[in-house]
Amino acid sequence: MRCPQTIVGHLAPDLDCLAAIWILVRFGGAGDAELVFVPAGRTLNDQPADSDPRIVHVDTGCGRFDHHQYADTSLSAAELVRRAVANDDSVLQRLVEHVTRLDHADVPRGASPLFFTVNDLIAGYNQLFPTRPHHVVQAMLPNLDAWYAQEQRQTRLEGAFVRRMEFTTPWGLGIAMQSDDGGSSRLAYRHGAVLYAYRDGRGNMGIAAQSRSDVDLEPVYFDLKRVDEAADWYLHPNHRMLLCGTAKAPPRQPSGLTLEELVDVITWDRGEVILRR
Ligand SMILES: [Mn+2]
């Protein structure tokens, strides 16, 4: 695709419109393009969309990057732009799948509505800047960058999760994993774990249990104080978290244990390793 000089979006830009602009700016080399906004459905100066190759319309105008001409709910403006400028970026593909579902209000049946989503954030920006859609774009570009970084991290975590250990505990299934990013409670709990343990690239370690469980990590804490006595292990007052270093609180003295050794302590007289990949 030729690098556009002008990107046309719609007034009060929504997530789909903003994500489409962000992809053009970050992945399509359009960082210097001028941004213009028209009433949704219209085009710049009422000229047919795509009649000028230097001008690109997103989420409006029925051109190549407007999905409103199709009934297909797997399409969005962001998805059409993604296919055109960064089709082989799997992280971007994940992010845009969420954008497309949100654009079609595709929320899983029975799921309780979240009290605050990215759509609410964007609605807030449109409240702050009702007549300045450029400001909404400027505010959202770094948020979309952060979203992308988080999808990247999630992709790495899913790769590391494949190499997990599984073990039994008195409370249910335990899962241990290690990666530069540490572990993912979300992945572990989704897999049925009640308790999970992790080690990250800086040697930070931790054990955490589902909030609606009766796990009590105090005995594990006492065992760790014995076998890893120099380390800065911290038992949370709720007894469901046992930590030695986090991004929020680096340890004064990191643990000397490997993840396997930590699992040995957790399962000592309490369970056994059932899977080691
Ligand atoms: Mn849309």
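Quick note: the sequence shown uses the numbering used here, first residue 2, plus one each step. Every residue, glycine too, gets a C-beta built ideally from N, C-alpha and C.
Distance between residue j and residue i (C-alpha atoms, nearest Å)
i    : j    : result
I56  : E80  : 18 Å
R278 : D265 : 16 Å
T169 : S256 : 23 Å
F66  : I123 : 21 Å
V39  : I208 : 52 Å
V82  : H136 : 21 Å
D89  : L96  : 13 Å
L115 : L276 : 35 Å
P131 : V9   : 17 Å
R191 : T259 : 25 Å
Y149 : D270 : 43 Å
E273 : E262 : 13 Å
N239 : F223 : 15 Å
H69  : T7   : 21 Å
R27  : S185 : 28 Å
W23  : T247 : 32 Å
Q211 : T156 : 22 Å
R154 : G64  : 34 Å
CB contact check: residue i to chain D, cutoff 8 Å
i   : result
I22 : Considering every chain present, this structure includes no chain D. It has just one protein chain.
Under 8 Å between C-beta atoms of residue i and residue j
i    : j    : result
R203 : L218 : no
A50  : G62  : yes
G29  : V86  : yes
Y295 : A140 : In the structure as shown, the chain begins at 2 and stops at 278. Residue 295 is therefore absent and cannot be evaluated.
L45  : A34  : no
L244 : Y235 : yes
A31  : C4   : yes
A161 : G175 : no
D182 : L158 : yes
I267 : V221 : yes
Environment of residue i [buried if 16+ CB atoms lie within 10 Å]
i    : result
S77  : buried
H58  : buried
E152 : buried
S180 : buried
Y71  : exposed
V163 : exposed
R253 : exposed
D47  : exposed
A232 : buried
S52  : exposed
P54  : exposed
P143 : exposed
Option in the options with minimal Cα separation from residue i
i    : options                : result
A189 : M206, N205, M166       : M166
L12  : R3, L36, C4, A31       : L36
P14  : S52, L276, D60         : D60
D104 : C4, C18, T7            : C18
Y280 : M178, D182, S75        : Residue 280 lies beyond the stretch modelled for the chain, which goes from 2 to 278, so this question has no answer here.
L16  : D215, S212, T118       : T118
H99  : Q211, S52, A231, L145  : L145
P171 : G184, F223, L142, S214 : S214
P251 : V216, E230, V138, D201 : D201
K249 : N205, A210, L93, Q211  : N205
V92  : A210, M2, G246, A147   : A147
T1   : G64, Q94, T101, R84    : Residue 1 cannot be examined here, being either before or after the span of the chain that is shown, 2 to 278.
Residue i, enclosing alpha helix (DSSP H) - first and last residue
i    : result
E35  : Here E35 belongs to no alpha helix (DSSP H); instead the beta strand (DSSP E) covers 35-39.
T132 : Looking at the DSSP string, T132 is not in any alpha helix (DSSP H), and its letter there is neither H nor E.
V266 : 260-268
E98  : 91-104
V228 : 219-228
A21  : 16-28
A189 : 186-191
Residue i beta carbon near ligand 2 (any heavy atom closer than 7 Å)
i   : result
S75 : With respect to small molecules bound, the structure shown includes ligand 1 and not ligand 2.
Bounding residues of the beta strand (DSSP E) (the contiguous stretch that carries residue i)
i    : result
R277 : 274-277
V1   : Beyond the ends of the chain as shown, which are 2 and 278, falls residue 1; an answer cannot be given.
L81  : Unbroken run through L81 is the alpha helix (DSSP H), 78-86; no beta strand (DSSP E).
C245 : 242-245
L196 : 196-200
L174 : 173-179
G42  : First-last for G42: undefined, no H or E at that position.
A209 : 206-210
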